[in-house]
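To convert, note that position 145 of the sequence shown is 145 in this note's numbering; the numbers rise steadily by one, no gaps.
Idealized CB from N, CA, C, for every residue including glycine.
As the structure is a prediction and not an experimental result, all values here were calculated from the model.
Notes follow the structure.
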Amino acid sequence: MKSNKNNKSNIECKIIPIGGGLLRLGETISIDKFVIQESGKKHPKILFVPTASKDLPAYSTAFRRVYEKLGGQVKILRLLGKRKLSQISLEKLTTSADIIYVGGGDYDVLLSIWKKHKIIPLIQSAYQQGTILTGLSAGCAVWYEYLIDSDKNKKPRLKKGLGILRGAVIPHYKSDNPFPSEIRKAKHLVTAVEDRCALIYINEKLKGSIPATKQKSFTIRPPYAKKRQITLYFYKHH
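This is the structure we're talking about:
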């Protein structure tokens, strides 16, 4: 629940990264319900950020349909249009949100546009004041120190994230995902999240996984020979 901004010690800062899945087909609906529930409000204010999809209108429409049906009050933050929002407008949008959901798509586009619009400090500030951060695919990866980008047609690469969460993440995880050599050298903790599976962090501590059905997530530590399944996060269904 979003707390009084003057009472920082009691604020629970939550991040809910989602490995992947098609929101418009309802593949993540149980996770979407969980995100709403974690806000502690029946009608939370949700800011959807579709930057990674290059502000694809169909994606925003699908998101609005799903989350308004769950009781959310949805606003869309479009950063690629001709009309540039002022820093004051951006700050109002981010700080007033109970939930900021970052959509999937092209990770490089997401990060470059965010830097251009100076939105990263605003999102970090909202998080510190109790706004839940969540997102799918690129919107899962951005919260970590690093993303392991393992596109099948290319050599696996290590890309920088915002660094709120420790280590490197692999969204859309499959057991045959290769690791880039930089990971082995730096000995980063790796978190691997399958499609249709989410994790919850409270004050940057991993509390458990939330699968849509039987999906899994893992932590993989140096020397990366074994992976440990992340335990389920038990919560009350309403």
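Please look up how many angstroms separate the CB atoms of Ile219 and Thr191, rounded, as I've assumed it's under 8 angstroms. Residue 219 sits at position 219 when you count from the first residue of the sequence shown. Residue 191 sits at position 191 when you count from the first residue of the sequence shown. According to the sequence provided, residue 219 is Thr. The question's Ile does not apply to it. Contact between Thr219 and Thr191 is confirmed by a C-beta separation of about 6 angstroms, below the 8 angstroms threshold.
Kindly indicate the opening and closing residues of the beta strand (DSSP E) around Lys205. The residue labelled residue 205 in the question sits at position 205 within the sequence shown. Lys205 -> beta strand (DSSP E) spans 205-211.
For the ligand ADP, I want to know if Gly130 counts as a neighbour, meaning its beta carbon is within less than 7 angstroms of at least one of the ligand's heavy atoms. This structure simply doesn't include the ligand ADP, nor any ligand for that matter.
Would you mind working out which of Arg65, Pro57, Gln73 sits nearest Gly81, comparing C-alpha positions? Along the sequence shown, one-based indexing puts residue 81 at 81. Sorting Arg65, Pro57, Gln73 by C-alpha distance to the C-alpha of Gly81 places Pro57 at the top.
Taking the alpha helix (DSSP H) that Leu65 belongs to, which residues open and close that run? Translated into the one-based positions of the sequence shown, residue 65 becomes position 65. Note that residue 65 corresponds to Arg in the displayed sequence, not to Leu. Taken as a continuous stretch (DSSP letters only), the alpha helix (DSSP H) holding Arg65 covers 57-69.
Secondary structure of Ser53, DSSP reduced to three states: Here residue 53 corresponds to residue number 53 of the sequence shown, with the count starting at 1. Assignment of Ser53 by DSSP, reduced to helix, strand and coil, places it in the helix class.
Taking 8 angstroms as the threshold, find out whether the segment 75-91 comes into contact with the segment 34-41 through three or more Cβ pairs. Cβ pair count under 8 angstroms is below three, so no.
For my contact list, Gly20 and Asp151 are in at a C-beta cut-off of 8 angstroms; report their separation, rounded to the angstrom. Position 20 of the sequence shown, counted from the first residue, corresponds to residue 20. Position 151 of the sequence shown, counted from the first residue, corresponds to residue 151. About 14 angstroms separates the beta carbons of Gly20 and Asp151, which is beyond the 8 angstroms limit, so they are not a contact pair.
Between which two residues does the beta strand (DSSP E) harbouring Phe218 extend? Taking the first residue of the sequence shown as position 1, residue 218 is located at position 218. Phe218 -> beta strand (DSSP E) spans 217-220.
Are three or more beta carbon pairs between the segment 93-113 and the segment 125-144 nearer than 8 angstroms? Yes: at least three Cβ pairs fall under 8 angstroms.
Taking 8 angstroms as the cut-off, decide whether the C-beta atoms of Ala168 and Pro17 are in contact. Your numbering for residue 168 matches position 168 in the sequence shown. Your numbering for residue 17 matches position 17 in the sequence shown. No. Outside cutoff.
Look up Pro223 in the DSSP assignment and say whether it is helix, strand or coil. As a first step, residue 223 must be located in the sequence shown, where it is residue number 223. Three-state result, Pro223: coil.
For Ile202 versus Pro180, is the C-beta distance shorter than 8 angstroms? Along the sequence shown, one-based indexing puts residue 202 at 202. Along the sequence shown, one-based indexing puts residue 180 at 180. Cβ distance not < 8 angstroms, so Ile202 and Pro180 don't count as in contact.
Taking the alpha carbon of Ala212 as the reference point, which residue from Ile15, Ile31, Cys13 has its own alpha carbon closest? For this step, residue 212 is matched to residue 212 along the sequence shown. Minimum Cα-Cα distance from Ala212 among the listed residues Ile15, Ile31, Cys13 corresponds to Ile31.
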